[in-house]
Ligand SMILES: Cc1ncc(COP(=O)(O)O)c(C=O)c1O
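In my numbering, the protein residues as written are 77 to 429.
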């Protein structure tokens, strides 16, 4: 074989790449590590799957997801021209990074936050500005000074992995004062007490993204969308793959979107489980950041790493982030009541209670 020589751009060779949470194959595992829903998607999705005519798969899908755009726009009080969809919200994030960052257009995000953001900057060869959150994982007072050179500022709200919600007033101030694109990642927004989607109507530099992976129980479907000013959407459409949302995905996402009742019930169920798990863990000595998402960021009394490893031995997966700011915590996805009772039993065993 011809000897391997790297023809990659140097930034690709020198970077590590994004590491997704573990997806175990088979076995009896309680999976609370990647913030999926413990519940099935809406029955309307199952019906749409059954009704789908497989012969249609020989054709390409609608490249501009017309029906979905209309439904999303109407549910958000916007026009279809304000909507773009993607193969999960990671696709929307990638499109955004490719549109708005480069060697001379830095990307900023908070730290700790979703680790895909610095990876996207790396892939673009764009400088990355990490803005440390304050000691309570809130926005630091000198944020505008820190991001003044960035062209794009990616903000997860609620934040991941910390689960807290920055005050909306502070978000609006950033949108008004930042000289660049403010990308508000609402992957967990459906579990929170408010949303920044309305800021799209007021600020032409704001993109708000959502995903079907968490609140709509459809991580396997790969569907996400973003809302923004029509000029921003127009430019992002130039950058996306021609057929970035599969035909089957479009059909099933639409069925999910139209079942508003199931969606509302699912959110309530997760919020109820979240409150229960938070108080059960508090009784066992855990210190949890009040969560506005479908996961808890919490300090176990026996230490983050030990707790993570001990649970893993018992086939329960959660997430551990060994960086300095996060090493005392673990992140636990809110699961079903049955999953919680297994988790709590294992926890008592680990703590010798
Ligand atoms: C903050 C945040 N944004 C975006 C995503 C990506 O979601 P998806 O690509 O499944 O829509 C995740 C996934 O965990 C996330 O935590």
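We put the beta carbon where it would ideally sit given N, CA and C, even for glycine. It should be emphasised that the depicted structure is a prediction, and the values quoted were computed from it without experimental measurement.
For residue 359, no beta strand (DSSP E) segment is defined; the enclosing uninterrupted segment is the alpha helix (DSSP H) at 336-359. Counting along the chain, no beta strand (DSSP E) covers residue 196; the unbroken alpha helix (DSSP H) around it starts and ends at 192-200. Inclusion of residue 123 and residue 329 in the CB contact set at 8 Å is not warranted, their separation being larger than that value. In the DSSP assignment, residue 105 falls outside any alpha helix (DSSP H), carrying neither H nor E.
The nearest non-hydrogen atom of ligand 1 is less than 7 Å from the C-beta of residue 236. In this structure, residue 233 sits near residue 265, with a CB-CB distance shorter than 8 Å. Counting only residues whose CB is nearer than 5 Å to a non-hydrogen atom of ligand 1, the list in chain order is 164, 165, 166, 190, 232, 236, 261, 263, 287, 289 and 300. Per DSSP, reduced to three states, the secondary structure at residue 410 is coil, with no helix or strand assignment. Nearest Cα to residue 208 within the set 216, 202 and 309: 216. Here DSSP, grouped into helix, strand and coil, assigns residue 383 to helix. Two segments are said to touch when three or more pairs of C-beta atoms, one from each, lie closer than 8 Å; by this definition the stretch 369-377 touches the stretch 405-416. Exclusion of the five residues before and after residue 112 leaves 289, 290, 293, 295 and 409 as the residues of its chain whose Cβ lies within less than 8 Å of its Cβ. By the C-beta density criterion, residue 77 is exposed, having fewer than 16 other C-beta atoms within 10 angstroms.
Contact annotation: the stretch 299-318 does not touch the stretch 90-99, with fewer than three C-beta pairs closer than 8 Å. Residues of the same chain with a CB within less than 7 Å of the CB of residue 139, apart from the 5 flanking positions on each side, are 318 and 319 in chain order.
Remark: C-beta atoms of residue 163 and residue 321 approach each other more closely than 8 Å.
Distance between residue 186 and residue 104, taken at the CA atoms: about 36 Å.
In the structure shown, residue 250 falls within a helical segment according to DSSP collapsed to helix, strand and coil. The three-state reading of DSSP puts residue 274 in helix, counting H, G and I together.
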